[in-house]
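These protein sequence lines are chains Z and B, in that order.
Mapping to our numbering: the first sequence position 38 is 75, numbers consecutive.
Mapping to our numbering: the second sequence position 118 is 131, numbers consecutive.
For every residue, glycine included, the Cβ atom is placed at its ideal position computed from N, Cα and C.
For clarity, every value in this text was computed on a predicted model and none was experimentally measured.
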Amino acid sequence: MFFGRSFPRAAAVLLTLNTSFLPLAHAIDLGSDQLRLHGFGSLAVTHSGDGEIYFPYYLTKEEMDEAGTYFDESLLGLQLDATLTDSLEATSQVIVRNRKDDSLENSLERVSIKYANGGFLARVGRIGMNIYTLSEYRDVGFAYTWAHPSMEFYGQFGMDYFDGAEVAYSFQLPAGTLQASVYGGQATQEFGGSTELDYTDLLGSTLIWSHNSWVIRGGWFRGTIDGDLQSFANIRAGLQSAVEFSDSYSVETWAEAEALIDDFEIDGTDINYTSLGVTYDAYPWLIESELSYTDLEAEALSGFFSGYISTGYSFDVITLFAMAGFIEPAEERKVVSDVETLSGPYASYQEELEALQQGVQSAYNNRVDQNSLSIGMRVDVRQNMAIKLQWDHTWIDEYGNGLWYRDKENEDKTEVDTLSLKLDFVF
Amino acid sequence: MNKLLLTLVLCVLTSYPAYAGDIVVIVNQSNSTAELSQRDLIDLYMGKNLAFPDGDSADTYDLDMGSEVREHFYRSLVNKSVAQVNAYWARLLFTGRVKPPKEVTDSRAIIELVRTNPSAIGYIDSNYLDATVKEVYRIH
């Protein structure tokens, strides 16, 4: 059966939990106007994948090794706000979920001091990345319509927050409000739960114009990669060995090898990200769309375009939605040349050389190129609780499964289904 | 499973009773604001501009979740259910940028807060309105 036997059982457990949660309705009263504790959470069951492709990795902080039914979109967040003076406030937010590293440093996803006066706002600390519409509330499922946002648009970054500072100012215009913000600091990006990259010299800005039912936002940020990927370090070492082998024995091994080394040097290279988003929110319609372009200086990491458009229509407490998303590389896939055929005393190096060539090609083949169509339903069962059902059908192009856990390099076009049932709440 | 689905459907069908009376928006008697427009109220209650027209900052108050008055207030103001307004506020609250209106148990409690706090603004069932506070907007 397409969705497997475990999904209905897990869904039944989740719906039962909804009944148990019914009394939950209010923020937790700490008995003080200066301290407020709010929370949010999700109970989710997701089935995704087939025999070789398992799970879109942005839905989990843990590594996957087989297709099936997972609870990895489930989480619980707590936010404590403390008013220090009329203008000064401290905020801390802890999110508990299934993740590779459960340390407090990783779970503490927000901790900042905010100064607000009139339209001016300044924040210092660990702050949500303000780079796209859901930047700062991607984990607060109750805040948006879908069970999960567009895989293509939101799956490309595992960067939820940065450590640094932000300054923002809001202007009242004759028509609407304009908010401009500038931020800077450093961040860590997670790739599928197993690999991390640090970014330094992070600098970004956002402009948000809102008027009546419309919100238009533009965002940009740049950062410099500080660190290395082990797989890239291994490739560079292999290429360097091939070059040294040629030099030492005056024999041709792989003419292209030396030129490829720099492609896999990512430490110190830049990333530039630009996005544009539009939201039209006028009951019963909710239409949202975002587009982005990511430019990566490292040659082995192709830049890409991504985007989505979503339409929702509400019938009182029920909202039906449909969404289409895409992500595609900005550059052609690189195909490397064949290695030389070695003979005589050098033949023993042949196998290693060919493995290196395949490893390099495999790295160039690791791209993201896919489209998804999603349909679903949100039901507000309580004023602070919603149940959502979402089905995604994804068409993955050849060499385009970079957003997924998988058994092997995917040379062929593939189609994958993902079904999610979620209970989102805030308190 | 059928029982669970039935529970879900009942939740949906019985969630929001209608409110038939007037709602008045009130401020402290010392507040210089004579009246507010719908646009001003949307700015205040949707966190877009937390200040009165004269520039003084405002402390906004909400009735409890589950209140029929609250449901009617937001339906009239922004044509959204309380759940949809809560979803909107969740976006702002958990970004740490803006605080939502403080919740108060009933109309009497809001009158008491508005009477004693010059920056306060709240909405109440019109049947509770008295001369100790100033009406600045009415929803029929």
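Nearest-angstrom Cα separation, counted from residue j out to residue i
{"i": "Gly340/Z", "j": "Ile364/Z", "result": "10 Å"}
{"i": "Thr182/Z", "j": "Tyr191/Z", "result": "15 Å"}
{"i": "Glu334/Z", "j": "Ser50/B", "result": "52 Å"}
{"i": "Gln42/B", "j": "Ile152/B", "result": "20 Å"}
{"i": "Gln387/Z", "j": "Thr378/Z", "result": "7 Å"}
{"i": "Ser187/Z", "j": "Asn135/Z", "result": "21 Å"}
{"i": "Glu293/Z", "j": "Ser399/Z", "result": "16 Å"}
{"i": "Met101/Z", "j": "Ser140/Z", "result": "20 Å"}
{"i": "Val22/B", "j": "Lys425/Z", "result": "Only weak support exists for where Val22/B lies, its pLDDT of 48 falling under 50; the value from the coordinates is given anyway. Between Val22/B and Lys425/Z, the C-alpha separation is close to 14 Å."}
{"i": "Thr261/Z", "j": "Gln223/Z", "result": "9 Å"}
{"i": "Glu148/B", "j": "Asn92/B", "result": "22 Å"}
{"i": "Tyr136/B", "j": "Ile168/Z", "result": "36 Å"}
{"i": "Gln216/Z", "j": "Phe462/Z", "result": "28 Å"}
{"i": "Phe77/Z", "j": "Gln277/Z", "result": "50 Å"}
{"i": "Ser242/Z", "j": "Gly86/Z", "result": "37 Å"}
{"i": "Asn154/Z", "j": "Val354/Z", "result": "37 Å"}
{"i": "Ala144/B", "j": "Ala159/Z", "result": "41 Å"}
{"i": "Thr27/B", "j": "Ser411/Z", "result": "Any reading at Thr27/B must be qualified, since the residue scores a pLDDT of 42, below 50, and its modelled position is unreliable; the value itself is stated next. Straight-line Cα distance between these residues: approximately 29 Å."}
{"i": "Val127/B", "j": "Val40/B", "result": "6 Å"}
{"i": "Arg73/Z", "j": "Ser149/Z", "result": "15 Å"}
{"i": "Asp56/B", "j": "Pro66/B", "result": "11 Å"}
{"i": "Met38/Z", "j": "Leu440/Z", "result": "Annotation note: pLDDT 39 at Met38/Z (below 50); position unreliable, coordinate value reported separately. Approximately 25 Å, taken between the alpha carbons."}
Where residue i meets chain Z, residues with beta-carbon distance less than 8 Å
{"i": "Phe139/B", "result": "According to the sequence provided, residue 139/B is Ser. The question's Phe does not apply to it. Going along chain Z, no residue has its Cβ under 8 Å from Ser139/B, so there is no contact; the nearest lies around 23 Å."}
Where the beta strand (DSSP E) through residue i begins and ends
{"i": "Gly195/Z", "result": "Unbroken run through Gly195/Z: none, as it is neither H nor E."}
{"i": "Ile168/Z", "result": "Per DSSP, Ile168/Z belongs to no beta strand (DSSP E) and is neither H nor E."}
{"i": "Arg175/Z", "result": "Element bounds for Arg175/Z: n/a, residue is neither H nor E."}
{"i": "Arg151/B", "result": "Val146 to Ile152"}
{"i": "Ala359/Z", "result": "Ile355 to Pro366"}
{"i": "Ala41/B", "result": "According to the sequence displayed, residue 41/B carries Asn and not Ala. Residues Ile36 to Asn41."}
{"i": "Asn438/Z", "result": "Met422 to Asn438"}
{"i": "Ala81/Z", "result": "Leu72 to Ser85"}
{"i": "Phe342/Z", "result": "Phe341 to Phe352"}
{"i": "Val465/Z", "result": "Residue 465/Z is absent from the structure shown; chain Z starts at 38 and stops at 464."}
From the options, residue whose alpha carbon lies closest to that of residue i
{"i": "Asn408/Z", "options": "Gly362/Z, Ser140/Z, Ala270/Z and Phe199/Z", "result": "Gly362/Z"}
{"i": "Gly356/Z", "options": "Arg415/Z, Gln130/Z and Gln395/Z", "result": "Per the sequence presented here, residue 356/Z reads as Thr, with Gly not at that position. When only C-alpha atoms are compared, the closest one is Arg415/Z."}
{"i": "Phe108/Z", "options": "Phe269/Z, Leu74/Z, Leu96/Z and Arg175/Z", "result": "Leu96/Z"}
{"i": "Glu189/Z", "options": "Pro93/Z, Gly305/Z and Val418/Z", "result": "Pro93/Z"}
{"i": "Asp318/Z", "options": "Ile308/Z, Gly349/Z, Tyr330/Z and Leu125/Z", "result": "Gly349/Z"}
{"i": "Glu435/Z", "options": "Glu369/Z, Arg419/Z, Ile168/Z and Gly413/Z", "result": "Glu369/Z"}
{"i": "Ala296/Z", "options": "Pro186/Z, Ala279/Z, Ser285/Z and Ser287/Z", "result": "Ala279/Z"}
{"i": "Leu313/Z", "options": "Leu338/Z, Asp299/Z, Gly344/Z and Ile324/Z", "result": "Gly344/Z"}
{"i": "Val117/B", "options": "Leu90/B, Asp53/B and Asp72/B", "result": "Asp72/B"}
{"i": "Tyr198/Z", "options": "Gln209/Z, Tyr220/Z, Leu210/Z and Ile262/Z", "result": "Tyr220/Z"}
{"i": "Ala103/B", "options": "Arg52/B, Ala33/B, Val38/B and Met59/B", "result": "Met59/B"}
{"i": "Ser144/Z", "options": "Asp176/Z, Val161/Z and Arg160/Z", "result": "Asp176/Z"}
{"i": "Thr451/Z", "options": "Ser457/Z, Gly437/Z and Gly413/Z", "result": "Gly437/Z"}
{"i": "Glu146/Z", "options": "Gly165/Z, Asp300/Z, Ser326/Z and Glu110/Z", "result": "Gly165/Z"}
{"i": "Asp75/B", "options": "Arg88/B, Asp119/B and Tyr141/B", "result": "Asp119/B"}
{"i": "Asp307/Z", "options": "Val148/Z, Glu336/Z, Ala184/Z and Arg254/Z", "result": "Glu336/Z"}
{"i": "Gln209/Z", "options": "Arg52/B, Tyr141/B and Asn99/B", "result": "Arg52/B"}
{"i": "Val372/Z", "options": "Val397/Z, Gly381/Z, Leu240/Z and Met360/Z", "result": "Val397/Z"}
{"i": "Asn271/Z", "options": "Glu126/Z, Gly413/Z, Gln395/Z and Glu110/Z", "result": "Gln395/Z"}
Within chain B, the residues that residue i reaches when beta carbons sit closer than 9 Å
{"i": "Asp200/Z", "result": "Ordered by position in chain B, no residue passes the 9 Å Cβ test against Asp200/Z, which lies about 15 Å from the chain."}
{"i": "Gly165/Z", "result": "Phe107, Thr108 and Gly109"}
{"i": "Lys151/Z", "result": "Gly109 and Arg110"}
Within chain Z, partners of residue i - CB distance below 9 Å
{"i": "Gly60/B", "result": "What Gly60/B touches in chain Z: nothing, since even the nearest Cβ is about 11 Å away."}
{"i": "Asn44/B", "result": "In chain order: nothing, as chain Z lies at least about 18 Å away."}
Contact with chain D by residue i, beta-carbon distance below 9 Å
{"i": "Ala212/Z", "result": "Here the protein chains are Z and B, and chain D is not one of them."}
Contact set between residue i and chain B, taken where Cβ atoms lie within less than 7 Å
{"i": "Gln209/Z", "result": "Asn62"}
{"i": "Tyr479/Z", "result": "Summary: the structure shown does not reach residue 479/Z, with chain Z confined to residues 38 through 464, and so no result is reported for it."}
{"i": "His185/Z", "result": "Correct list: empty, because the minimum Cβ distance to chain B is about 15 Å."}
{"i": "Phe179/Z", "result": "Ala100 and Ala103"}
{"i": "Leu158/Z", "result": "Arg110"}
Residue range of the alpha helix (DSSP H) that includes residue i
{"i": "Ile124/B", "result": "Ser120 to Thr129"}
{"i": "Leu141/Z", "result": "Leu141 to Ser144"}
{"i": "Gly396/Z", "result": "Gln387 to Asn402"}
{"i": "Asn271/Z", "result": "Gln267 to Tyr286"}
{"i": "Trp291/Z", "result": "Looking at the DSSP string, Trp291/Z is not in any alpha helix (DSSP H), and its letter there is neither H nor E."}
{"i": "His248/Z", "result": "Element bounds for His248/Z: not the alpha helix (DSSP H) but the beta strand (DSSP E), Thr232 to His248."}
Residue i: contacting residues in chain B (beta-carbon distance under 8 Å)
{"i": "Thr128/Z", "result": "Gly109"}
Practice problem: Identify each residue in the region 94–108 of chain B for which the Cβ-Cβ distance to at least one residue of chain Z is less than 9 Å, and report them in chain order. | Solution: Residues Ser94, Val95, Ala96, Gln97, Val98, Asn99, Ala100, Tyr101, Trp102, Ala103, Arg104, Leu105, Leu106, Phe107 and Thr108.
Exercise. Report the residues of the region 71–88 of chain Z with a CB closer than 9 Å to any CB of chain B, ordered along the chain.
Key: Under the 9 Å Cβ criterion, the region 71–88 of chain Z contributes Arg73, His75 and Phe77.
Practice problem: Could you name the residues of the region 419–439 of chain Z whose beta carbon sits closer than 9 Å to any beta carbon of chain B, in the order they occur along the chain? | Solution: From the region 419–439 of chain Z, only Arg419, Gln420, Asn421, Met422, Ala423 and Ile424 have a Cβ closer than 9 Å to chain B.
Exercise. Could you name the residues of the region 132–151 of chain Z whose beta carbon sits closer than 7 Å to any beta carbon of chain B, in the order they occur along the chain?
Key: For the region 132–151 of chain Z, which is checked against every Cβ of chain B, the residues closer than 7 Å are Arg147, Ser149 and Lys151.
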